[in-house]
Amino acid sequence: MPEEAIGGLLGWTVRVVGYVLVDVVLEILVKGLGYALLRGLGVRTHPESAWCAVVGLAFWFLCMAAAVAIWRHTHPA
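Residues 0 to 76, numbered by this note's numbering, are exactly what the sequence shown covers, in order.
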């Protein structure tokens, strides 16, 4: 019986920590970056706007595409 309680508590703790990490990543690395980029371009928007998430995701996608292109250029097959 105690093993079930410990397993349940451990599972709940891991789930909560996972949700917090996902929320922090989404809020800071995607929405926050998108908001900063939009503000840098002079676009007035709210930090919780969907446009901030779209711009942040587009930025990270372009960064990954550039990294892959550079890697493929420097490491020919």
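Ideal placement from N, C-alpha and C gives every residue a C-beta, glycine not left out.
Taking 9 Å as the cut-off, the Cβ atoms of Leu40 and Phe58 do not count as close.
Burial check for Gly10: the Cβ neighbour count within 10 Å stays below 16, so the residue is exposed. With a contact defined as Cβ atoms closer than 8 Å, Leu37 and Val54 qualify at about 6 Å. C-alpha of Glu47 to C-alpha of Arg14: approximately 24 Å in a straight line. Distance from Cys51 to Lys30 at the Cβ level is roughly 5 Å; contact confirmed, criterion being Cβ atoms closer than 8 Å.
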